[in-house]
Amino acid sequence: MIARHLAVLGASLRLSFLLAMQYRWDFVLDGVMSIAWTAGAIVPLYLVFEDRAAIAGWTYGEALLVMGWFTLLDGLLKGAINPSLVTVIEQIRNGTLDFVLLKPADAQFLVSTARVHPWRLLSLGASLAIFVYAFRLLGAWPSPGAVLYALATLGAGVLVLYSVWILVISVAFRVVRIDNLRYLFETVFEAGRWPSTVYKGALSIVFTFVIPLALMTTYPAEALLGALEVERFVAGWLGALAFAGLARLVWSRSIAAYTSASS
Amino acid sequence: MRERELVRAVDGVSFAIAPGERVGFLGPNGAGKTTTLKMLAGLLYPSAGRVRVAGHVPQRREAAYLDQIMLVMGQKQQLVWDLPPADTFELNRAVYRVSRADFTARVGELSELLELGDLVKKPTRELSLGERMKCELVAALIHRPKVLFLDEPTIGLDVSTQVKVREFIRDYNARHGATLVLTSHYMDDVAALCPRVIVIDQGRLTFDGALDALVREVRPEKRLTLRLRGAIDEEVLRSLGALIERTEERVVLQVPQDALSAAVSRALAAFDVLDLTVEAAPLEEVMSELFARGRAAREGRADAADAADAADAKEPSE
Chain A
4 MIARHLAVLG
14 ASLRLSFLLA
24 MQYRWDFVLD
34 GVMSIAWTAG
44 AIVPLYLVFE
54 DRAAIAGWTY
64 GEALLVMGWF
74 TLLDGLLKGA
84 INPSLVTVIE
94 QIRNGTLDFV
104 LLKPADAQFL
114 VSTARVHPWR
124 LLSLGASLAI
134 FVYAFRLLGA
144 WPSPGAVLYA
154 LATLGAGVLV
164 LYSVWILVIS
174 VAFRVVRIDN
184 LRYLFETVFE
194 AGRWPSTVYK
204 GALSIVFTFV
214 IPLALMTTYP
224 AEALLGALEV
234 ERFVAGWLGA
244 LAFAGLARLV
254 WSRSIAAYTS
264 ASS
Chain B
338 MRERELVRAV
348 DGVSFAIAPG
358 ERVGFLGPNG
368 AGKTTTLKML
378 AGLLYPSAGR
388 VRVAGHVPQR
398 REAAYLDQIM
408 LVMGQKQQLV
418 WDLPPADTFE
428 LNRAVYRVSR
438 ADFTARVGEL
448 SELLELGDLV
458 KKPTRELSLG
468 ERMKCELVAA
478 LIHRPKVLFL
488 DEPTIGLDVS
498 TQVKVREFIR
508 DYNARHGATL
518 VLTSHYMDDV
528 AALCPRVIVI
538 DQGRLTFDGA
548 LDALVREVRP
558 EKRLTLRLRG
568 AIDEEVLRSL
578 GALIERTEER
588 VVLQVPQDAL
598 SAAVSRALAA
608 FDVLDLTVEA
618 APLEEVMSEL
628 FARGRAAREG
638 RADAADAADA
648 ADAKEPSE
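These protein sequence lines are chains A and B, in that order.
If you want the working numbering, it's the 1-based position in the first sequence plus 3.
If you want the working numbering, it's the 1-based position in the second sequence plus 337.
Encoded structure:
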């Protein structure tokens with residue numbers, strides 16, 4: 004079972020790369036643009052910190068770490084998650100999802116690995132550059148242990164991001180057109196650029212529990228700084244697993260209710 | 338929220354199909370053919386009733402079941418539009434875990450039978466509809482399925498490609514003993530491929546049996562076509578059977594089966610006959626008559642129901 008899915012993943016990635024080569028200039032441009040956007044996105048952060056040392060307990064260098072994780076997740080979202088999402092919605096619209104559902108492999112897996120935009124993954128390099136810049140400002144490099152801890156925390160964030168995306172697809176099964184929902188999510192996701200403690204009141208609750216942006220970008224940044232308690236790490240993972248479980252449940256129900264497009 | 342109306346797409350459809358059998362679903366548009374096909378494949382969950390195919394409950398979509406079936410739809414394609422079909426074949430090889438040796442042999446064999454040559458290496462978007470359908474068939478047969486579900490596989494194809502595709506499907510059935518379940522608007526598809534037909538009309542099974550039995554049942558009359566020369570006695574002509582077509586020298590008559598030999602000998606005696614053929618009514622016509630009868634029967638029922646409703650309305654309520 005696992006061997007089959009690994010083979011499918013390989014074949015699917017191969018297709019994505021072949022497609023990317025078909026329109027390579029378009030995709031290269033896309034990747035370069037996304038790096039330019041990342042550079043541009045640092046400007047507001049820089050301006051905000053120009054005349055004060057810290058905001059909500061975060062210095063410029065520390066806030067840059069949040070930005071670094073955001074850039075990495077944004078690359079993942081636009082390079083690996085969104086392309087599959089767009090593909091699936093297209094398949095629901097024209098009924099070719101029938102073919103996916105009749106493949107002897109897990110449908111959620113097939114749908115999740117449907118398409119990757121490899122050039123978008125260039126922003127992973129951009130996030131690395133932000134980290135280097137941030138730690139030079141902070142004047143201290145993180146220990147390998149802190150890096151591992153941060154990556155482990157990020158894992159929970161990625162799981163949540165992925166689960167939100169599965170939930171979005173589940174909605175698409177019922178209402179077919181979900182462009183606005185997608186834009187809404189992307190807009191909300193933008194808030195993950197800033198440390199979560201910047202947000203007060205209702206927003207802070209939403210970003211911690213409803214759409215846990217805090218877990219995606221702020222917690223990993225804190226883990227790099229050695230400021231994330233084990234309790235919050237464990238709670239984050241438990242929350243992420245619950246989110247994933249819920250997403251899987253909703254997904255299974257949506258598939259069962261899927262009525263396919265008429266021929 | 339949109340208002341939803343519960344419609345019974347399929348109701349009371351029961352049948353069994355033996356391994357290796359070739360069965361065609363017939364019915365007017367929206368009759369429930371594709372719904373039934375999709376339930377068999379496992380795409381749709383029946384809200385009531387039981388479906389079993391090859392020992393499996395299709396809607397569970399277990400890998401052991403999906404490994405044995407394939408679905409080809411004339412109006413939908415699984416090939417990646419911007420890549421050559423060969424790349425989709427590769428993806429299916431991984432999904433179905435076909436060994437490299439089997440894969441190469443099968444793709445080679447299927448491509449040769451379908452006369453595809455190097456077309457599988459051209460981007461799908463550059464192929465004609467017929468070429469695409471042939472490649473769809475290859476993509477769906479790489480894992481050598483035992484049950485083939487074909488939903489209007491020849492729709493939109495030119496006649497010679499239709500014939501080619503039919504021959505190919507038949508040949509696959511003969512060589513691998515695969516079961517074939519087909520829906521089609523083209524009677525020729527059904528006539529060429531399916532000894533057995535199941536007629537579904539308004540979600541109900543109205544006939545299940547041999548195609549020629551269906552034709553005999555709906556239209557027991559034969560078509561007698563005569564090419565005549567010289568003077569024609571109209572009275573004799575009309576006494577032979579129902580006149581369907583009449584031109585200067587060509588006459589088409591509809592004659593009941595048991596009166597046929599008498600009619601033929603009388604025609605030969607009375608006229609100067611250049612040519613004479615006897616045929617069953619064209620299938621398309623048989624079908625439209627069958628569906629028209631179904632409609633008439635339903636309208637009759639609906640009228641009766643309306644009358645009953647009207648009677649109910651007269652009863653005082655609350």
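Glycine included, C-beta positions come from ideal geometry on N, C-alpha and C.
Secondary structure of Trp28 of chain A, DSSP reduced to three states: The count along the first sequence starts at 1 and reaches residue 28 of chain A at position 25. Residue state, collapsed to three classes: helix.
Measuring straight from C-alpha to C-alpha, what distance separates Asp612 of chain B and Ala604 of chain B? Position 275 of the second sequence, counted from the first residue, corresponds to residue 612 of chain B. Position 267 of the second sequence, counted from the first residue, corresponds to residue 604 of chain B. If I take the Cα positions, the gap works out to 11 Å.
Please go through the same chain and pick out, in chain order, the residues whose beta-carbon is closer than 7 Å to the beta-carbon of Gly60 of chain A, but skip the five residues on each side of it. The residue labelled residue 60 of chain A in the question sits at position 57 within the first sequence. Counting only residues of its own chain and dropping the five nearest sequence neighbours on each side, Gly60 of chain A has a CB closer than 7 Å to the CB of Thr200.
Indicate whether at least one CB of chain B lies closer than 9 Å to the CB of Ser266 of chain A. The residue you call residue 266 of chain A lines up with position 263 of the first sequence. Any reading at Ser266 of chain A must be qualified, since the residue scores a pLDDT of 46, below 50, and its modelled position is unreliable; no value is offered.
Assigned exposure category for Gly71 of chain A - 16 Cβ within 10 Å defines buried: Translated into positions along the first sequence, residue 71 of chain A becomes position 68. By the neighbour-count rule (16 or more Cβ atoms within 10 Å), Gly71 of chain A is buried.
So is Ala110 of chain A in contact with chain B if we call contact Cβ pairs under 9 Å? Here the question's residue 110 of chain A lines up with position 107 in the first sequence. By this cut-off, Ala110 of chain A is an interface position.
Residues bridged to Asp526 of chain B (per DSSP): As a working mapping, residue 526 of chain B is identified with position 189 in the second sequence. Beta-bridge pairing links Asp526 of chain B to no other residue.
Which class does Trp144 of chain A belong to by DSSP, given the choice of helix, strand or coil? By one-based count along the first sequence, residue 144 of chain A stands at place 141. Note: Trp144 of chain A maps to coil in three-state DSSP.
Can you list, in chain order, the residues of its chain whose CB lies under 8 Å from that of Ala355 of chain B, leaving out five sequence neighbours each side? Indexing the second sequence from 1 puts residue 355 of chain B at position 18. Excluding residues within five positions, the ones whose Cβ falls inside 8 Å are Thr516.
Residues that Asp488 of chain B bridges to, as DSSP identifies them: Sequence index remark: in the second sequence, residue 488 of chain B carries index 151 (1-based). For Asp488 of chain B, which the question treats as bridged, DSSP gives the partners B:Met410, B:Thr520.
Using a Cβ-Cβ distance under 9 Å, would Asp455 of chain B count as near chain A? Reading the second sequence from its first residue, position 118 is the one you call residue 455 of chain B. It does not: the Cβ of Asp455 of chain B has no partner Cβ on chain A nearer than 9 Å.
Beta-carbon neighbours of Gly467 of chain B, restricted to chain A and to distances below 7 Å: Position 130 of the second sequence, counted from the first residue, corresponds to residue 467 of chain B. Correct list: empty, because the minimum Cβ distance to chain A is about 18 Å.
Is the beta carbon of Leu244 of chain A sitting closer than 9 Å to the one on Leu124 of chain A? For the purposes of this step, residue 244 of chain A is taken as the residue at position 241 of the first sequence. For the purposes of this step, residue 124 of chain A is taken as the residue at position 121 of the first sequence. Cβ distance not < 9 Å, so Leu244 of chain A and Leu124 of chain A don't count as in contact.
Just curious, the alpha helix (DSSP H) that Asp508 of chain B is in, first and last residue? As a position in the second sequence, residue 508 of chain B is number 171, starting the count at 1. Per DSSP, the unbroken alpha helix (DSSP H) holding Asp508 of chain B starts and ends at 496–513.
Looking only at its chain, what residues have a beta carbon closer than 6 Å to the beta carbon of Ser521 of chain B, apart from the 5 residues adjacent to it on each side? Within the second sequence, numbered from 1, the residue matching residue 521 of chain B stands at position 184. Same-chain partners within the cutoff: Glu489, Val527.
Other residues of its chain near Tyr402 of chain B: CB distance less than 6 Å, five sequence neighbours each side excluded: If you number the second sequence from 1, residue 402 of chain B lands on position 65. Annotation for Tyr402 of chain B: His393 place their beta carbon closer than 6 Å to its own, counting only its chain and skipping 5 residues before and after.
Count the other CB atoms within 10 Å of the CB of Asn429 of chain B; is the residue buried (16 or more) or exposed (fewer)? As a first step, residue 429 of chain B is located in the second sequence; it is residue number 92 there, counting from the start. It is buried - the Cβ of Asn429 of chain B has at least 16 other Cβ atoms within 10 Å.
Compare the C-beta of Gly98 of chain A against all C-beta atoms of chain B and say whether one is closer than 9 Å. Locating residue 98 of chain A in the first sequence gives position 95, counting from the first residue. Yes, its Cβ sits closer than 9 Å to a Cβ of chain B.
Is the Cβ of Lys459 of chain B closer than 9 Å to any Cβ of chain C? The chain labelled as chain C is not found among the protein chains of the depicted structure, namely A and B.
On the premise that Gly78 of chain A lies in contact with Leu127 of chain A, defined as a C-beta separation below 8 Å, what is that separation, rounded to the nearest angstrom? What you label residue 127 of chain A is simply residue 124 of the first sequence in a count that begins at 1. What you label residue 78 of chain A is simply residue 75 of the first sequence in a count that begins at 1. Right, the Cβ-Cβ distance comes to about 5 Å (below 8 Å), so this counts as a contact.
Cβ-based burial, Tyr152 of chain A [other Cβ within 10 Å; buried from 16]: Here residue 152 of chain A refers to the residue found at position 149 of the first sequence. Tyr152 of chain A should be labelled buried.
Would DSSP call Phe544 of chain B helix, strand or coil? The residue given as residue 544 of chain B occupies position 207 in the second sequence. Note: Phe544 of chain B maps to strand in three-state DSSP.
Output the boundary residues of the beta strand (DSSP E) element that contains Ile535 of chain B. By one-based count along the second sequence, residue 535 of chain B stands at place 198. From DSSP, the beta strand (DSSP E) with Ile535 of chain B extends over 533–538.
Measuring alpha carbon to alpha carbon, tell me which residue in B:Met470, B:Ala511, B:Arg507 is nearest Asp495 of chain B. Indexing the second sequence from 1 puts residue 495 of chain B at position 158. The shortest Cα separation from Asp495 of chain B among B:Met470, B:Ala511, B:Arg507 belongs to B:Met470.
Any beta carbon from chain B within less than 9 Å of Leu184 of chain A's own beta carbon? What you label residue 184 of chain A is simply residue 181 of the first sequence in a count that begins at 1. Judged by the 9 Å Cβ criterion, Leu184 of chain A is not in contact with chain B.
9 Å Cβ cutoff met for Val480 of chain B and Met410 of chain B: Residue 480 of chain B sits at position 143 when you count from the first residue of the second sequence. Residue 410 of chain B sits at position 73 when you count from the first residue of the second sequence. One detail in the question is off: residue 480 of chain B reads as His in this sequence, not Val. No, these two residues do not count as a Cβ contact at 9 Å.
Expressed to the nearest angstrom, what Euclidean distance is found between the alpha-carbon atoms of Ser448 of chain B and Asp439 of chain B? What you label residue 448 of chain B is simply residue 111 of the second sequence in a count that begins at 1. What you label residue 439 of chain B is simply residue 102 of the second sequence in a count that begins at 1. If I take the Cα positions, the gap works out to 14 Å.
Please classify Leu2 of chain A as buried or exposed, where buried requires at least 16 other C-beta atoms within 10 Å of its C-beta. Only positions 4 to 266 of chain A appear in the structure, and residue 2 of chain A is not among them; the question remains open.
Consider the Cβ of Lys375 of chain B: report whether some Cβ of chain A lies at a distance smaller than 9 Å. Within the second sequence, numbered from 1, the residue matching residue 375 of chain B stands at position 38. Cβ-Cβ to chain A under 9 Å: yes for Lys375 of chain B.
Closest by C-alpha distance to Leu164 of chain A, when choosing among A:Arg55, A:Val103, A:Arg185: Locating residue 164 of chain A in the first sequence gives position 161, where the first residue counts as 1. Answer by Cα proximity: A:Arg185.
Can you tell me the Cα-Cα spacing of Ala226 of chain A and Phe236 of chain A, whole angstroms? If you number the first sequence from 1, residue 226 of chain A lands on position 223. If you number the first sequence from 1, residue 236 of chain A lands on position 233. So the two alpha carbons sit approximately 9 Å from each other.
Please give me, in chain order, every unbroken run of the beta strand (DSSP E) with length at least 3 that falls completely inside the region 378–455 of chain B. Segments of the beta strand (DSSP E) lying fully in the region 378–455 of chain B: 406–410.
Thinking C-alpha only, which one of A:Leu16, A:Val35, A:Gly229 is nearest Pro147 of chain A? Indexing the first sequence from 1 puts residue 147 of chain A at position 144. When only C-alpha atoms are compared, the closest one is A:Gly229.
Run through chain B and tell me which residues come within less than 7 Å of Val18 of chain A, C-beta to C-beta. Start at 1 with the first residue of the first sequence, and residue 18 of chain A comes out as number 15. What sits at residue 18 of chain A in the sequence shown is Leu, not Val. Per Cβ cutoff of 7 Å: Val417, Leu420, Asp424, Leu428.
For Arg462 of chain B and Ala260 of chain A, I'd like the C-alpha separation in whole angstroms. The sequence position of residue 462 of chain B within the second sequence is 125, counting from 1. The sequence position of residue 260 of chain A within the first sequence is 257, counting from 1. Going from the Cα of Arg462 of chain B to the Cα of Ala260 of chain A covers about 32 Å.
Tell me whether the beta-carbon of Ala10 of chain A lies closer than 9 Å to the beta-carbon of Arg434 of chain B. Taking the first sequence and counting its residues from 1, one reaches residue 10 of chain A at position 7. Taking the second sequence and counting its residues from 1, one reaches residue 434 of chain B at position 97. Yes.
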